[in-house]
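Notes follow once the structure below has been shown.
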Amino acid sequence: MRGRGTQPVRRTGSPSDFPVAPRLLPAATRRHLRRLHGYANQVGRLGDDPGPGGGAFDRFERELRAVHAGAPASHPILAALAPTIAACRLPVEPLARLVEGRRTDRVVLRYRSFDQVVAHCRLSANPIGELVLHVFGCATAERVELSDRVCTALQVIGHLRGRRRGLRPGRGVPAAGGHGPVRGAGGRTRPRDGVRERTGPAPGWTPARR
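First residue of the sequence shown? That's 2 in my numbering, and the numbers climb one at a time after it.
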């Protein structure tokens with residue numbers, strides 16, 4: 002999809018995912034949401050190139066902060082986002098937290114507790130809700146807190162769906178009840194705590210997991 006006057010935004014996700022910018026919204030709001038979507042997609046691709054990825058994160062975040070301060074953008078996605086930053090008064094910190102969340106994805110392969118999953122949601126999911134509140138001009142401390150809870154819940158549900166469908170190689174999330182990371186079939190037992198790790202799709206839903 003493409004917003005008028007913006008860079009093209011890749012269509013991602015399955016047909017059941019939430020729409021990025023429903024047509025019932027005003028055109029300006031839809032453009033802002035598409036720009037945010039394009040930014041999130043770009044952040045999600047940082048570090049995908051072969052070789053060390055730390056430099057890409059540092060360069061992108063430096064330019065993000067410079068653009069937020071009013072400097073011209075050289076990166077097309079940041080150039081597209083700049084009008085939205087100004088019009089919606091987007092704070093820089095949630096934008097930067099998304100970069101940090103992607104940076105964490107590059108180095109953390111397993112979460113050993115539910116608290117660690119929640120902490121990652123604060124970087125990779127919660128900033129989106131906060132930014133959307135700013136787009137709609139209704140960001141307050143109370144609403145941001147409520148949005149954080151919703152975004153964390155959706156991210157955790159996404160992890161659980163990933164366990165059911167089969168996780169990406171090397172990626173692990175805690176089992177229901179926070180008993181340690183599960184990677185998917187033919188599990189091996191960690192001597193320290195007796196938790197079995199799987200390398201294929203997780204078993205069916207249990208009452209505890211629900």
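All residues carry an ideal CB built from backbone N, CA and C; glycine is no exception.
Just so you know, these numbers come straight off a predicted model, no measurement behind them.
Next item on the list: Pick helix, strand or coil for P16, following the three-state DSSP scheme.
Entry: Residue numbering aside, residue 16 sits at position 15 when the sequence shown is read from its first letter. With a pLDDT of only 42 at P16, under 50, the local geometry of the prediction cannot be trusted, and the value read off the model is given with reservation. Here P16 sits in coil by DSSP.
Check: Is R144 closer than 8 angstroms to L134 when the C-beta atoms are compared?
Finding: The residue you call residue 134 lines up with position 133 of the sequence shown. The residue you call residue 144 lines up with position 143 of the sequence shown. Closer than 8 angstroms, so yes.
Check: By Cβ distance below 6 angstroms, which residues in the same chain neighbour S125 in space, the five residues on each side in sequence not counted?
Finding: Within the sequence shown, numbered from 1, the residue matching residue 125 stands at position 124. Hits under 6 angstroms: G102.
Check: Just checking, does the stretch 34 to 48 make contact with the stretch 79 to 96 on the three C-beta pairs under 8 angstroms criterion?
Finding: yes
Checklist line | R35, DSSP secondary structure in three states | finding: Position 34 of the sequence shown holds residue 35. Correct three-state label for R35: helix.
Check: Roughly how many whole angstroms lie between the Cα atoms of V109 and P92?
Finding: Position 108 of the sequence shown holds residue 109. Position 91 of the sequence shown holds residue 92. Answer to the nearest angstrom: the Cα atoms are 27 angstroms apart.
Item checked: Whole-angstrom C-beta distance between A97 and E62, which should lie under 8 angstroms -> Here residue 62 refers to the residue found at position 61 of the sequence shown. Here residue 97 refers to the residue found at position 96 of the sequence shown. Right, the Cβ-Cβ distance comes to about 6 angstroms (below 8 angstroms), so this counts as a contact.
Check: Hey, would you say V100 sits closer than 8 angstroms to F137, going by beta carbons?
Finding: Residue 100 sits at position 99 when you count from the first residue of the sequence shown. Residue 137 sits at position 136 when you count from the first residue of the sequence shown. No, the Cβ-Cβ distance between V100 and F137 is not below 8 angstroms.
Check: Is R150 helix, strand or coil by DSSP?
Finding: Taking the sequence shown and counting its residues from 1, the one referred to as residue 150 is at position 149. Helix.
Notebook entry, point to check: According to DSSP, is R63 helix, strand or coil?
Noted result: Residue numbering aside, residue 63 sits at position 62 when the sequence shown is read from its first letter. Here R63 sits in helix by DSSP.
Item checked: Inter-residue CB distance, H160 and V119 (contact presumed, cutoff 8 angstroms) -> Translated into positions along the sequence shown, residue 160 becomes position 159. Translated into positions along the sequence shown, residue 119 becomes position 118. Incorrect: roughly 11 angstroms between the Cβ atoms, too far for contact.
Note to self: Taking its Cβ as the centre, do 16 or more other Cβ atoms sit within 10 Å of A28, making it buried, or is it exposed?
What the structure shows: Here residue 28 is taken as the residue at index 27 of the sequence shown, counted from 1. Label assigned to A28: exposed.
Check: Near V44, which residues of its chain fall below 6 angstroms by C-beta distance, leaving aside the five closest residues on each side in sequence?
Finding: By one-based count along the sequence shown, residue 44 stands at place 43. Only L99, V100 and R103 meet the Cβ criterion.
Item checked: Separation of R90 from P84, as counted between CA atoms -> Here residue 84 corresponds to residue number 83 of the sequence shown, with the count starting at 1. Here residue 90 corresponds to residue number 89 of the sequence shown, with the count starting at 1. Distance between the alpha carbons of P84 and R90: 10 angstroms.
Check: DSSP three-state call for V25: helix, strand or coil?
Finding: Translated into positions along the sequence shown, residue 25 becomes position 24. The sequence given here has Leu at residue 25, not Val. Coil, per DSSP.
Next item on the list: Could you tell me if R60 is buried or exposed, where buried requires 16 or more neighbouring beta carbons within 10 angstroms of its beta carbon?
Entry: Working through the sequence shown from its first residue, we reach residue 60 at position 59. Per the 10 Å Cβ criterion, exposed.
Notebook entry, point to check: If you count every other CB in all the chains shown that lies within 10 Å of the CB of R158, and 16 or more means buried, which is it?
Noted result: The count along the sequence shown starts at 1 and reaches residue 158 at position 157. Residue identity check: residue 158 is Ile in the sequence provided, not Arg. Result: exposed.
Note to self: By the three-class DSSP mapping on this structure, what secondary structure does P128 have?
What the structure shows: Your numbering for residue 128 matches position 127 in the sequence shown. Looking at P128 - three-state DSSP - the assignment turns out to be helix.
Item checked: Boundaries (first-last residue) of the alpha helix (DSSP H) holding C89 -> To locate residue 89, count along the sequence shown from 1; it is residue 88. Residues P77 to C89.
Check: When DSSP labels each residue in this structure, what does D116 get in the three-state scheme?
Finding: In the sequence shown, counting from the first residue as 1, residue 116 sits at position 115. Of the three classes helix, strand and coil, the one that applies to D116 here is helix, per DSSP.
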